[in-house]
Each structure stands twice: as C-alpha cells, then as structure tokens.
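If you read the sequences in order, they're chains C and R. Position one of the first sequence corresponds to residue 119 (my numbering), numbered consecutively onward. Position one of the second sequence corresponds to residue 38 (my numbering), numbered consecutively onward.
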Amino acid sequence: MSDIDLYRRTFLKTSLGAAAVAIAPGMLLFDTAHGKPQPASGKVRWGMLIDTTQCKSGCDDCVTACNRENGLSGATSATDSQWIRKIEIKDISSGRELSLPMMCQHCEHPPCVDVCPTTASFKRADGIVLVDKHRCIGCRYCMMACPYKARSFVHEPLHDQNPDVPRGKGTVEACTLCVHRIDQGLQPACAEACPNQAILFGDLNDTDSEISKKIRSVASVQIRANLGLNTGIRYRGL
Amino acid sequence: MKLFASLLLCLCIPAAWAAGTNAPKPDIGKGGQCVEDVQWMRKNHMHLLKHQRDEALRKGARDEKLSLKNCIECHASTRDDSVIARDDSFCVACHRYEAVKIDCFECHSGKRKSAWSQRNAK
C-alpha cells in the first residue's frame, strides 16, 4: 500500500470523526429542546359509556356543545353536517321511552375504514376513527357502510372554521371524539357539557379507569353488537 | 473564460434587478425565526407542512413547533389576524407571485387562534 493511500485513509477517518463530534451535540440539544410529542399510544383505547337512565328527553346540551366546539351550524339547512344527534326511542309493547345521543361509535373494526378507496378513513392507534380530509375524495362509501348513520358530507363551502377543527366542502366528516381536546388532555365537549354526567369518557384498556370499573360493575351494551364491530361507545340502560 | 464571465454578469445583473423590483413584499406579521432561516423556509416549508400534517392527523404526534396553527400564530397580519385576507398577506403574496394555488385554507382557518377564540367566546 502506498503512502498516499494511507494518508487519504487517515484524513477521511479524522474528518469523519470531527464531523460527528461537531454535529452530535447539536442534534442532541435539538432533540431535548424540541422533543417530538409522542404519537397516540396503541395501549390506550378511548371510549365512552353513555348512561341512558341519566339522559333526559328533550335535553340536547351534548349536541349544542358539539356544534359549538367543532363549528357546526346545528343543522340549519337540510344538508348541514351533524356529528351527534339525540334519538328518542319507544318500546311499543311496554310503552317504555328512552332518549340517547347517537354518534360515531369508534368501532374496533370500522366498516367505514374497510370500504374507503383512498385510505382516508382510518383508525388511530388509540382507537379513534377519523377522516383524513387530505385524502378524502368525497365518494361517500363510508357513509353507506356505517351502520350508525354517523357520518355527514359537507355540501357547501365553509368559512371561519375553528383553527383546531379544519372542515371543508367535498369531504366526509364525523365525530372525532374531539381528538384535538383529547390530545390536550381534555374530555370531549359533549361529555363535559352533559348536565347529568350521563357521558363517561375514558380509557377502555386501563383496568383502573373509571369507565372500565363501571363497565365491569354495571350491564352495558354495544349497539348492533351482532355486527361484531366492538364499538368504543357503550350504552347503559338500553 | 473572460468572455464567459462577462456574459454571465450581463445576464445576472438585469435578472437580479428585475427580481428586486417585482418581488412580493408579504406582511410577515410578528415574524421571527423558529424553525429554519428564511431562505430555507421559502424553499422547503411545503415539505415540512406536508410531513407534519400526516404525523399529526394519522399518528397523533402533534409537534407544535411545525404545526400550521403555530405558523399562523406568528405570521398572521397584526392588522387583520389572517395569513390570507389581503393580496399582501403572508401566504397570498408569494403564492400569487409564483402562481401556485394553495388548498390549505379551504378547510384550515387562516386566522390566528387567539383572535378566533376571542371573537367566538360567549
């Protein structure tokens, strides 16, 4: 091996070492100063337990809160979006009446995600089913697939949206479980607004959470449980 | 070689002069630098935004510093709290000059969050 080759090798080695020494502390400092927030954890499964015995007929505080939080018009025209609605049901034989809120059930196996041709419909690691409006082409297959009629299509141009809740014409949207609030450590707007605390929000996977304890101790059902979708929203007293 | 250099100079001077006169002058709002230097951001901001939107929406990893909301917070005009309201607004000025249509604000708010909250507080 010639001297020149050796010199070249040592030069490359030293310059590599010097570069590493120069860059490494900068990168380390950058990481500590602007630590990337953790992505949603797959260990968590967000859900709700809705106590229909506490849900008052005629009260729509959850719907109003949702509309205000997400900038919905509150169905002022026929085609306006609706993320949560109140349903009044009556058992004909016994005459028993019930009132309950209905929205996206945040299924473990969501049919809307199955049918989406652009993977705009997706389930986040923590179980929240969302629409990626960057990819949504507005085909509305998901609206057909949803057994709960939970999704809406935006027909008209929108203005002055909530900076936390981007919404726009030509895309499908539904209850996001107030994902922007959850990521800040807050509760969904409807759960917070309910005057009777009929909506209990929490982590279904955490055995110590209030919602898990409640689900263990009282009878609750999933709507259309026969479909095997394993919904994140459970109802009590149905 | 000399001829080539002088030719290059002759070509560059009018180009630089033209760029100087017609260049957009956006209203940079509060301004300041928090991500990268101006020249880098002019060239690469769209890649950052596109990467960040997928991270934030699909994975839930919200890096505040790179979020569109955070950009708007500093760069919205101090006059009307918006990055899109006028011809010389922060986003509009350059995008009009370059004839690149932005779709961001079909869905996203172009308003500063603090201003929006203040107006919608009831």
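Don't be surprised by glycine CBs; every beta carbon is placed ideally from N, CA and C.
Determine whether the beta carbon atoms of residue i and residue j lie at a separation below 8 Å.
| i | j | result |
| --- | --- | --- |
| A263(C) | P229(C) | yes |
| I202(C) | C180(C) | yes |
| D301(C) | V162(C) | no |
| V233(C) | Y266(C) | no |
| A309(C) | F319(C) | yes |
| R285(C) | G189(C) | yes |
| S270(C) | Q315(C) | no |
| L167(C) | I341(C) | no |
| K62(R) | D124(R) | no |
| C111(R) | G147(R) | no |
| V279(C) | C144(R) | For the sequence presented, residue 279(C) should be read as Gln rather than Val. Going by C-beta atoms, Q279(C) is nearer than 8 Å to C144(R). |
| R299(C) | T171(C) | no |
| A122(R) | R149(R) | no |
| P157(C) | A98(R) | yes |
| C222(C) | A193(C) | no |
| E215(C) | K208(C) | yes |
| T197(C) | H273(C) | yes |
| C257(C) | P235(C) | yes |
| P281(C) | C296(C) | no |
| A243(C) | G303(C) | no |
| C128(R) | V120(R) | yes |
| K96(R) | V72(R) | no |
| S175(C) | E206(C) | yes |
| P155(C) | D100(R) | yes |
Counting only Cβ pairs nearer than 8 Å, list the residues of chain R close to residue i.
| i | result |
| --- | --- |
| A292(C) | Those do not exist, as A292(C) stays about 14 Å from chain R at its closest Cβ, beyond 8 Å. |
| Q279(C) | C144, H145 and S146 |
| A158(C) | K96, G97 and A98 |
What residues from chain R crowd round residue i, counting only those whose CB sits closer than 7 Å?
| i | result |
| --- | --- |
| G286(C) | E143 and C144 |
| D301(C) | G97 and R99 |
| E155(C) | The sequence given here places Pro at residue 155(C); Glu does not occur at that position. Ordered by position in chain R, the residues that pass the 7 Å Cβ test against P155(C) are A98, R99 and D100. |
Check the Cβ of residue i against every Cβ in chain C and list those closer than 7 Å, keeping chain order.
| i | result |
| --- | --- |
| R116(R) | Near R116(R) there are no residues of chain C at all, since even the closest Cβ is about 18 Å away, more than 7 Å. |
| R133(R) | Correct list: empty, because the minimum Cβ distance to chain C is about 20 Å. |
Starting from the beta carbon of residue i, find every residue of chain C whose beta carbon is closer than 8 Å, and list them in chain order.
| i | result |
| --- | --- |
| R123(R) | Result: empty, since nearest Cβ-Cβ is about 16 Å, beyond 8 Å. |
| K150(R) | P281 and D282 |
Starting from the beta carbon of residue i, find every residue of chain C whose beta carbon is closer than 9 Å, and list them in chain order.
| i | result |
| --- | --- |
| K106(R) | P281 and D282 |
Does any C-beta atom of chain A lie closer than 8 Å to the C-beta of residue i?
| i | result |
| --- | --- |
| G320(C) | No chain A is part of this structure, whose protein chains are labelled C and R. |
*Which residues, taken in chain order from the segment 311 to 327 of chain C, show a beta carbon closer than 9 Å to some beta carbon of chain R?*
Answer in chain order: no residues at all.
_Does the structure place the segment 210 to 230 of chain C close enough to the segment 332 to 352 of chain C that three or more beta carbon pairs sit under 8 Å?_
yes
*Taking one C-beta from the segment 240 to 260 of chain C and one from the segment 287 to 298 of chain C each time, how about it: are there three or more such pairs within less than 8 Å?*
yes
*What residue ranges within the segment 160 to 203 of chain C form continuous alpha helix (DSSP H) runs of no fewer than 4 residues, ordered along the chain?*
179 to 188
*Pull out every residue of the segment 165 to 183 of chain C whose Cβ sits closer than 9 Å to any Cβ of chain R, in chain order.*
none
*Any chance the segment 150 to 159 of chain R sits against the segment 84 to 102 of chain R, with 3 or more Cβ pairs inside 8 Å?*
no
*Which full runs of the alpha helix (DSSP H) of 4+ residues lie inside the segment 50 to 99 of chain R, going along the chain?*
75 to 91
*the segment 233 to 260 of chain C: positions lying closer than 9 Å to chain R by Cβ*: F240, R242, A243, D244, I246, L248, D250, K251 and H252
_Contact list for the segment 63 to 88 of chain R against chain C, Cβ threshold 7 Å_ = none
*In chain order, each alpha helix (DSSP H) run of at least 4 residues that lies wholly inside the segment 198 to 247 of chain C*: 229 to 233
*Pick out the complete beta strand (DSSP E) segments inside the segment 285 to 347 of chain C, 3 residues or longer, and give them in chain order.*
317 to 321
*Could you pull out every unbroken alpha helix (DSSP H) segment of at least 4 residues lying fully inside the segment 246 to 270 of chain C, listed in chain order?*
259 to 263
*Could you pull out every unbroken alpha helix (DSSP H) segment of at least 4 residues lying fully inside the segment 111 to 135 of chain R, listed in chain order?*
127 to 135
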